[in-house]
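When you line the sequence shown up against this note's numbering, it's residues 2 to 250, in that order.
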Amino acid sequence: MPTSSSVAFVGLHYWAGSGREFQAVARLLAPAYSLLAPDLAGFGDAPPPEVSSYTVDAYANQVAQFIEENQLTQYVLVGHSMGGKIALALASRQPAGLLGVALLSPSPPTPEPMTDEDRMSSLKAYGKPTEAEKNLRTITVRPLSAADQQQIVQDNLQSARLAYDAWLLHGSREDISARMCNMEVPCTILAGDQDAVMSPSVHGLETLPLLPEGTPLEIISGAGHLLPYEAPEEVAQLLRDFARKIRPE
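See the structure below:
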């Protein structure tokens with residue numbers, strides 16, 4: 002449990018993933034910093050909520066409750082992909098204790114750029130091991146250990162159908178851009194230059210202009226979409242640097 006004077010990171014995972022994606026990053030940050038990563042409702046080991054609870058704001062409510070339960074008084078939200086939009090939604094509420102937001106290949110505040118063909122293909126892929134393995138090959142570039150590959154596929158297949166579909170049909174299409182004027186904490190964005198899901202240009206066009214002036218967009222060469230798995234060292238270093246910048250020791 003982090004002390005009241007320490008900065009904690011709260012990791013929000015990608016769609017069809019789980020909080021386990023942050024395990025390597027958490028190990029690299031310890032013992033200087035703690036990183037807590039809950040499974041968002043309908044993913045990982047989290048129980049699926051009611052049908053009406055799969056909205057960006059419902060997820061933001063879950064994260065706010067998680068922060069309260071863990072008595073975090075100074076924290077940074079680390080939002081990856083789907084978790085990025087959720088982090089921005091929560092940050093726009095200006096919650097107590099929030100020091101900053103670090104975005105990893107985030108879903109933008111605007112509707113996510115996804116073709117109808119890709120959306121339908123993903124919907125049809127639910128629960129199919131061969132499709133989960135194919136998706137893994139599509140969204141990653143750097144070599145991964147067998148254990149990480151197995152975890153990514155397992156998380157995909159473990160996703161609750163309602164949560165899986167709700168993000169594709171609704172959550173990814175939500176537009177929370179009007180709230181970004183309420184962002185008052187420092188932000189940073191990290192992306193892979195080989196990301197086949199969310200190219201760096203998407204962040205530059207859809208997300209960066211809505212964040213506080215001076216927000217950096219850093220690019221990792223040779224990395225795909227799953228940065229916490231593909232580039233844990235770079236992610237951990239970014240978070241260390243970000244924490245020191247917003248709260249010098």
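All residues carry an ideal CB built from backbone N, CA and C; glycine is no exception.
Leu36 is not a Cβ neighbour of Leu78, given a cutoff of 9 Å. A Cβ-Cβ separation of about 7 Å places Pro229 in contact with Ala25 under the 8 Å criterion. Cβ-Cβ distances below 7 Å link Arg120 to Leu169 in the same chain, with the five nearest sequence neighbours on each side left out; the list follows chain order.
Boundaries for Ala179: no alpha helix (DSSP H) harbours it, and the DSSP string shows neither H nor E there. Runs of beta strand (DSSP E) with 3 or more residues, each lying fully within the region 55-88, are found at 76-81, listed in chain order. A residue is called buried once 16 or more other Cβ atoms fall within 10 Å of its Cβ, and Ser146, having fewer, is exposed.
Per DSSP, Ser35 lies in no alpha helix (DSSP H); the unbroken beta strand (DSSP E) holding it starts and ends at Ser35 to Leu37. Taken through DSSP and simplified to helix, strand or coil, Phe10 comes out as strand. Going by DSSP, Glu235 is part of the alpha helix (DSSP H) stretching over Pro233 to Ile247.
Within the same chain, Cβ atoms closer than 7 Å to the Cβ of Leu163 are found at Gly43, Pro49, Val52 and Tyr55, the five residues on either side in sequence being excluded. Listed as beta-bridge partners of Val102 by DSSP are Leu78 and Cys188. Residue environment: Leu30 is assigned as buried (16 or more neighbouring CB atoms within 10 Å of its CB, all protein chains considered). Per DSSP, reduced to three states, the secondary structure at Glu22 is helical. Arg248 and Asp196 have their C-alpha atoms some 31 Å from each other. Residue range Leu218 to Ile221 is occupied by the beta strand (DSSP E) that includes Leu218.
Partner residues in the beta bridge of Gly193, as assigned by DSSP, are Ile221. Following the DSSP letters along the chain, one finds Thr139 inside the alpha helix (DSSP H) bounded by residues Pro130 to Ile140. C-alpha of Val236 to C-alpha of Pro110: approximately 22 Å in a straight line. DSSP places Ala167 inside the alpha helix (DSSP H), whose first and last residues are Arg162 to Leu170. The Cβ atoms of His226 and Val198 lie closer than 9 Å to each other.
Counted as a single uninterrupted DSSP element, the stretch harbouring Met115 is not any alpha helix (DSSP H), since DSSP gives it neither H nor E.
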